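J.:
There are 2 protein chains.
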Amino acid sequence: MEAGRLLTERLLDEFIPSDNDDPQLLHRAMRYSVMAGGKRLRPILAQAAYEYCGGTSEGAAGTIHKAMPAIEMVHTYSLIHDDLPCMDDDDLRRGMPTCHKKFDEATATLAGDALHVIAFELMAQTGSIDVVLELARAVGTSGMLGGQMADIEAEGRPVTAEEIQAIHRRKTGALIRGSVRVGAILAAADSATLARLTDYGEKIGLAFQIIDDILDIEGDQKLLGKSVGSDTRHQKATYPAAMGLEESRRQAANLIDGALATFVEEEDNMLKWLARYIGQRER
Amino acid sequence: MEAGRLLTERLLDEFIPSDNDDPQLLHRAMRYSVMAGGKRLRPILAQAAYEYCGGTSEGAAGTIHKAMPAIEMVHTYSLIHDDLPCMDDDDLRRGMPTCHKKFDEATATLAGDALHVIAFELMAQTGSIDVVLELARAVGTSGMLGGQMADIEAEGRPVTAEEIQAIHRRKTGALIRGSVRVGAILAAADSATLARLTDYGEKIGLAFQIIDDILDIEGDQKLLGKSVGSDTRHQKATYPAAMGLEESRRQAANLIDGALATFVEEEDNMLKWLARYIGQRER
Numbered sequence: 087m088e089a090g091r092l093l094t095e096r097l098l099d100e101f102i103p104s105d106n107d108d109p110q111l112l113h114r115a116m117r118y119s120v121m122a123g124g125k126r127l128r129p130i131l132a133q134a135a136y137e138y139c140g141g142t143s144e145g146a147a148g149t150i151h152k153a154m155p156a157i158e159m160v161h162t163y164s165l166i167h168d169d170l171p172c173m174d175d176d177d178l179r180r181g182m183p184t185c186h187k188k189f190d191e192a193t194a195t196l197a198g199d200a201l202h203v204i205a206f207e208l209m210a211q212t213g214s215i216d217v218v219l220e221l222a223r224a225v226g227t228s229g230m231l232g233g234q235m236a237d238i239e240a241e242g243r244p245v246t247a248e249e250i251q252a253i254h255r256r257k258t259g260a261l262i263r264g265s266v267r268v269g270a271i272l273a274a275a276d277s278a279t280l281a282r283l284t285d286y287g288e289k290i291g292l293a294f295q296i297i298d299d300i301l302d303i304e305g306d307q308k309l310l311g312k313s314v315g316s317d318t319r320h321q322k323a324t325y326p327a328a329m330g331l332e333e334s335r336r337q338a339a340n341l342i343d344g345a346l347a348t349f350v351e352e353e354d355n356m357l358k359w360l361a362r363y364i365g366q367r368e369r
Numbered sequence: 087m088e089a090g091r092l093l094t095e096r097l098l099d100e101f102i103p104s105d106n107d108d109p110q111l112l113h114r115a116m117r118y119s120v121m122a123g124g125k126r127l128r129p130i131l132a133q134a135a136y137e138y139c140g141g142t143s144e145g146a147a148g149t150i151h152k153a154m155p156a157i158e159m160v161h162t163y164s165l166i167h168d169d170l171p172c173m174d175d176d177d178l179r180r181g182m183p184t185c186h187k188k189f190d191e192a193t194a195t196l197a198g199d200a201l202h203v204i205a206f207e208l209m210a211q212t213g214s215i216d217v218v219l220e221l222a223r224a225v226g227t228s229g230m231l232g233g234q235m236a237d238i239e240a241e242g243r244p245v246t247a248e249e250i251q252a253i254h255r256r257k258t259g260a261l262i263r264g265s266v267r268v269g270a271i272l273a274a275a276d277s278a279t280l281a282r283l284t285d286y287g288e289k290i291g292l293a294f295q296i297i298d299d300i301l302d303i304e305g306d307q308k309l310l311g312k313s314v315g316s317d318t319r320h321q322k323a324t325y326p327a328a329m330g331l332e333e334s335r336r337q338a339a340n341l342i343d344g345a346l347a348t349f350v351e352e353e354d355n356m357l358k359w360l361a362r363y364i365g366q367r368e369r
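Protein sequences, first through last, are from chains A and B. Quick note, our numbering runs 86 ahead of the 1-based positions in the first sequence. Quick note, our numbering runs 86 ahead of the 1-based positions in the second sequence.
What follows is the structure, given as structure tokens:
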């Protein structure tokens, strides 16, 4: 995972304009947020799916090595906008001031927009219309953005377990699922493999967000690099609020088991390792 | 131009999800801003370039009819974010409350983001990687977003004529130029024609923003549907502020003449008509 993280950071550094290029302030804000650390889980998932599906290292430079930073830029842009005062109003992210705290709200809004568009530029540079469409669907109103909106609308009112699942599947799950699919598509996976990996991506995506909810209650603030308890303060719709910690843990574990079952009787691989990592993560 | 406007609005209606689809609030906000009127100049320019370059009506449905609403969605998203309190803080747009006034800031931020991503989805549906890249470059940090950032950075301090031209070329010019190029590329224009139309697009794009600056001083508030004098209040970098009204008018007229010269000894066409329209517009 360390190798994937370092590769992602090298690619991000390569594809975000230098802060010596105009407009310097905008590029500085983009770099600040993108380079503030993070697990780089989504690009690593895309790379693992690419390799699992037989994607070659010769083909990587023009394909998956463009998609990896693109996916991470989309993730970062969503965090920048999500942290804005009109949204979650968070001051800290990965132990550092959020973009609008470090710069200002206008710069943060534009930095998010700019990461969004560079992500599509990079995705198009793979030469595959299919992965551009895949990213767009993962981000759009039936994906991440729809989930963010539903998440805000659900604040402060009781929600059913079905509603929460639908929010989580979009808010976090869609981009994780999309990352896996992008890797598989770029490796020209056959449709049966793509369907299996889609199922895997859906399960780890939902598990990821359930565990996020759990960590917001009992996680270690230092490890997480953000304040815990913010879901409760914002009266967010979460799994533990709807069905308790115990049942949330059980469902997350079931999802991870289901994801691992995608690879029954196969030797160990990075996708299995990542599913286990998500199930056990502490940050 | 009326036919192009109606066509654009039909296509926008077709490609933005219904407000009966979840998340309803987000789709309502997107529709509200996109359907609030406007000249639809950019999609009409794209269509005119497509037809000028011999794009067929049979090929239109899968190509230019996707690109036209995509371009207008990008334009609308930029207005929604630009109107936010942290940016230009405008309450009125086309005679109606701006998106964050009608809804709220979080919804307006997400509605802008969602229009941004649907635009790329539609552009990818043309099947042409080239126009996806074209749109990305027009919007990115060396295009529209870079111009918006530079525009904000220039507020309240003296700027040179060169700086203003650089801001205007990106803030407004890049998307207008990009619209013309997208139409030409989708019609498979040869490189000489594409170069000529690029030059045309650059000239009308810059003229458009100079005239915008002039109208902000001496335009009719009712016709414009927004308050005049806001540039002066925000101490914006404008052509009239840098070189006076008279010289600004002269430069705009020169640019329009230059754009028309692209078509020397050709019979009248829609692109010529649109250049003249931009030179004479009152709203």
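For each residue, glycine too, the CB sits at the ideal point set by N, CA and C. All of these numbers come straight from a predicted model, not from anything done at the bench.
State yes or no: is the beta carbon of F206/B nearer than 9 Å to at least one beta carbon in chain A?
T.: yes
J.: Under 9 Å, Cβ to Cβ, is there at least one residue of chain A near T193/B?
T.: Interface residue, yes.
J.: List the residues of chain B whose Cβ lies closer than 9 Å to the Cβ of G148/A, in chain order.
T.: Those within 9 Å of G148/A in chain B number zero; the least Cβ separation is about 12 Å.
J.: Determine the DSSP secondary structure at P109/B, reduced to helix, strand or coil.
T.: coil
J.: Using a Cβ cut-off of 9 Å (strictly closer), state whether I271/A contacts chain B.
T.: No - not a single Cβ of chain B is within 9 Å of the one on I271/A.
J.: Quick check on P244/A: does DSSP put it in helix, strand or coil?
T.: coil
J.: Looking at the secondary structure, which residues open and close the alpha helix (DSSP H) in which H186/B lies?
T.: 185 to 188
J.: What distance in whole Å lies between the Cβ atoms of E239/A and L111/B, which are believed to be in contact at a cut-off of 8 Å?
T.: 6 Å
J.: Starting from the beta carbon of P103/A, find every residue of chain B whose beta carbon is closer than 7 Å, and list them in chain order.
T.: T227
J.: Please classify P244/A as buried or exposed, where buried requires at least 16 neighbouring CB atoms within 10 angstroms.
T.: exposed
J.: State the Cα-Cα distance for the pair T348/A and F294/A, rounded to the nearest angstrom.
T.: 17 Å
J.: Since G315/B contacts A339/B with CB under 8 Å, what's their CB separation in whole angstroms?
T.: That pair is no contact at about 23 Å.
J.: Does chain B have any CB closer than 9 Å to the CB of P109/A?
T.: yes
J.: Judging by CA-CA distance, which residue of K257/B, A273/B, L272/B, A247/B is the nearest neighbour of S334/B?
T.: A247/B
J.: Take the Cβ of Q165/B as the centre, count every other Cβ of all protein chains shown within 10 Å, and call the residue buried at 16 or more, exposed below.
T.: In the sequence as presented, Gln is not what sits at residue 165/B; that position holds Leu. It counts as buried.
J.: Can a CB atom of chain A be found closer than 9 Å to the CB of I215/B?
T.: yes
J.: So, do the segment 296 to 307 of chain B and the segment 190 to 210 of chain B have three or more beta carbon pairs nearer to each other than 8 Å?
T.: no
J.: Comparing the C-beta of V266/B with each C-beta of chain A, is any distance below 9 Å?
T.: Under the Cβ criterion of 9 Å, V266/B is not counted among the residues facing chain A.
J.: Would DSSP call R126/B helix, strand or coil?
T.: coil
J.: Count the other CB atoms, across all protein chains shown, that sit within 10 Å of the CB of R96/A; report buried if there are 16 or more and exposed otherwise.
T.: The Cβ neighbour count for R96/A, taken over all protein chains shown within 10 Å, is under 16; the residue is labelled exposed.
J.: Could you check whether the Cβ of H113/A sits closer than 9 Å to any Cβ belonging to chain B?
T.: yes
J.: With distances taken from CA atoms, which of T162/B, P326/B, G305/B is nearest L127/B?
T.: It is T162/B.
J.: Please classify A207/B: is it buried, with 16 or more other beta-carbons within 10 angstroms of its beta-carbon, or exposed?
T.: Before going further, note that residue 207/B is Glu rather than Ala in the sequence given. Counting of Cβ neighbours within 10 angstroms places E207/B among the buried residues, the total reaching 16 or more.
J.: Going by CA-CA distance only, name the one from G145/B, Y138/B, A153/B, D99/B that's closest to L261/B.
T.: The candidate whose alpha carbon is nearest that of L261/B is A153/B.
J.: By a C-beta neighbour count over all protein chains shown, 10 Å radius and 16 as the cutoff for buried, is K289/B buried or exposed?
T.: buried
J.: Would you call the segment 270 to 279 of chain A in contact with the segment 139 to 148 of chain A, where contact means no fewer than 3 C-beta pairs closer than 8 Å?
T.: The segment 270 to 279 of chain A is in contact with the segment 139 to 148 of chain A.
J.: Please classify D177/A as buried or exposed, where buried requires at least 16 other C-beta atoms within 10 Å of its C-beta.
T.: exposed
J.: Using a Cβ-Cβ cutoff of less than 7 Å, which residues in the same chain neighbour G124/A once the five nearest sequence positions on both sides are dropped?
T.: R180
J.: Can you check DSSP and say which residues form a bridge with M182/B?
T.: R179/B
J.: Give, in chain order, every residue of the segment 227 to 242 of chain A whose Cβ lies closer than 7 Å to some Cβ of chain B.
T.: Here the close residues are T227, L231, G232, Q234, M235, A236, I238, E239.
J.: Between the alpha carbons of E352/B and A361/B, how many angstroms are there, rounded?
T.: 15 Å
J.: Assuming contact is defined by CB atoms lying nearer than 9 Å, are A270/A and T258/A in contact in what I supplied?
T.: no
J.: Measure the C-alpha to C-alpha separation of Q133/B and K322/B and round it to an integer number of angstroms.
T.: 32 Å
J.: Please state whether DSSP places G232/B in a helix, a strand or coil.
T.: helix
J.: Leaving out five residues on either side along the sequence, give the residues of the same chain with a beta carbon under 6 Å from the beta carbon of A236/A.
T.: I253
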